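Structure, as structure tokens:
Residue numbers (our numbering): 511 to 826.
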């Protein structure tokens, strides 16, 4: 597969890079590392990112400018990174999907293989791991900018090496990247110890909504628009709240339902052991990984909660 990508790079000069909306560390790290890689080769690169960069990833080196909307197809090829479904790119996805040369690089089990080239490896710890493998195969010079983006992507997508997707390759790659001047302590501080007080004011409200099922196997919490308003918080301040629910003893399935501005809710699920939340979320049009997945449903949080409970309580 890296050789197919190498041929595309030889034949083409201009590229569009994009990833999913509501980007996480793997999405951003993979996106920015690929940008610096292509620029290193003298390519013309445009980067499409509809959403703002979450504050916890603001330290990452990145392009000077990002495009929030795509109005033309004036590029030779498209790299879609860490995105299981092209519709998750944002409002410009329909235009982008018309391009004849899309390179789809991803590690989600539910990826829809929408590209001309589909480099999808569900066993990889992260999309960044796949990107690094491409770099290694093609003899790419690893700069500090590339290294810190790849390290951060792997570090965050494995939950600082705590999640089931953590593998030997993740440790090997991150060990190599430390030699390029990456400080693990610095990355950990920026990602996990750099929160504004609004996050904790919001968290205190969210935890009051916590409901644990009979038997203690399912934990569900809600985040409403009113909570955001009272805490003077934004959507990004609630990132990762589902992990707190997962930390409960005996809980096998953690769920956080976040109210969006469009009359819908984002449902985030995390599981332990063999419970496959990707399949659960697929029934609602979502997807992800076996132990970490999500979907979007119509309705207010309390209504969505009842819909979700009707489905998941039968499976746990």
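We put the beta carbon where it would ideally sit given N, CA and C, even for glycine. Computed from a predicted model, the values in this text were never measured in an experiment.
Looking at the unbroken alpha helix (DSSP H) that takes in residue 604, where does it start and where does it end?
Taking the chain shown and counting its residues from 1, one reaches residue 604 at position 94. Element bounds for residue 604: 603-607.
On the DSSP bridge assignment, give the partners of residue 779 in chain order.
Locating residue 779 in the chain shown gives position 269, where the first residue counts as 1. Under DSSP, the beta-bridge partners assigned to residue 779 are 765 and 803.
Rounded C-alpha distance that separates residue 590 from residue 535:
Position 80 of the chain shown holds residue 590. Position 25 of the chain shown holds residue 535. Near 15 Å, if we compare the C-alpha coordinates of residue 535 and residue 590.
Are the CB atoms of residue 543 and residue 641 within a distance shorter than 7 Å?
Counting from 1 along the chain shown, the entry for residue 641 is found at position 131. Counting from 1 along the chain shown, the entry for residue 543 is found at position 33. Yes, they are a contact pair.
Which residues bound the alpha helix (DSSP H) around residue 646?
Start at 1 with the first residue of the chain shown, and residue 646 comes out as number 136. Per DSSP, the unbroken alpha helix (DSSP H) holding residue 646 starts and ends at 637-647.
Do the region 811-823 and the region 795-802 meet, that is, are 3 or more Cβ pairs less than 8 Å apart?
The region 811-823, when compared against the region 795-802, does not touch it at the 8 Å Cβ threshold.
Distance, residue 723 Cα to residue 793 Cα:
Sequence index remark: in the chain shown, residue 793 carries index 283 (1-based). Sequence index remark: in the chain shown, residue 723 carries index 213 (1-based). In a straight line, the C-alpha of residue 793 is about 21 Å away from that of residue 723.
Do the region 590-609 and the region 730-740 meet, that is, are 3 or more Cβ pairs less than 8 Å apart?
Counting Cβ pairs under 8 Å, fewer than three are found: no touch.
Helix or strand or just coil, what does DSSP make of residue 559?
In the chain shown, residue 559 corresponds to position 49, counting from 1. Looking at residue 559 - three-state DSSP - the assignment turns out to be coil, as it is neither helix nor strand.
DSSP three-state label for residue 685, please.
Position 175 of the chain shown, counted from the first residue, corresponds to residue 685. Three-state DSSP puts residue 685 in a helix.
Considering only the beta carbon of each residue, do residue 758 and residue 785 sit closer than 7 Å?
Here residue 758 is taken as the residue at index 248 of the chain shown, counted from 1. Here residue 785 is taken as the residue at index 275 of the chain shown, counted from 1. No, the Cβ-Cβ distance between residue 758 and residue 785 is not below 7 Å.
Tell me where the alpha helix (DSSP H) around residue 751 begins and ends.
The residue labelled residue 751 in the question sits at position 241 within the chain shown. Here the alpha helix (DSSP H) through residue 751 covers 751-756.
Check residue 736 in the structure and name its three-state DSSP category.
Within the chain shown, residue 736 is the residue found at index 226, counting from 1. In the three-state reduction of the DSSP assignment, residue 736 falls in the helix class.
Is residue 702 buried or exposed, if buried means 16 or more other CB atoms sit within 10 Å of its CB?
Taking the chain shown and counting its residues from 1, one reaches residue 702 at position 192. Exposed: under 16 other Cβ atoms inside 10 Å.
For residue 806, which residues in the same chain have their Cβ closer than 6 Å to its Cβ, ignoring the five residues on either side in sequence?
As a working mapping, residue 806 is identified with position 296 in the chain shown. If we look at residue 806 and ignore the five residues flanking it on each side, its Cβ neighbours are 774 and 776.
Pull up the distance between the alpha-carbon of residue 532 and that of residue 561, whole angstroms please.
Your numbering for residue 532 matches position 22 in the chain shown. Your numbering for residue 561 matches position 51 in the chain shown. Counting only the Cα atoms, residue 561 lies some 6 Å from residue 532.
Coil, strand or helix - residue 650 by DSSP
Within the chain shown, numbered from 1, the residue matching residue 650 stands at position 140. The DSSP-derived three-state label of residue 650 is coil.
For residue 529, report the span of its beta strand (DSSP E) as first-last.
Translated into positions along the chain shown, residue 529 becomes position 19. Per DSSP, residue 529 belongs to the beta strand (DSSP E) from 524-529.
How about residue 635 and residue 680: do their beta carbons lie closer than 7 Å?
Residue numbering aside, residue 635 sits at position 125 when the chain shown is read from its first letter. Residue numbering aside, residue 680 sits at position 170 when the chain shown is read from its first letter. Taking the C-beta atoms as reference points, residue 680 is found nearer than 7 Å to residue 635.
Less than 7 Å between the C-beta atoms of residue 556 and residue 523, yes or no?
Locating residue 556 in the chain shown gives position 46, counting from the first residue. Locating residue 523 in the chain shown gives position 13, counting from the first residue. At a Cβ-Cβ threshold of 7 Å, residue 556 and residue 523 do not count as neighbours.
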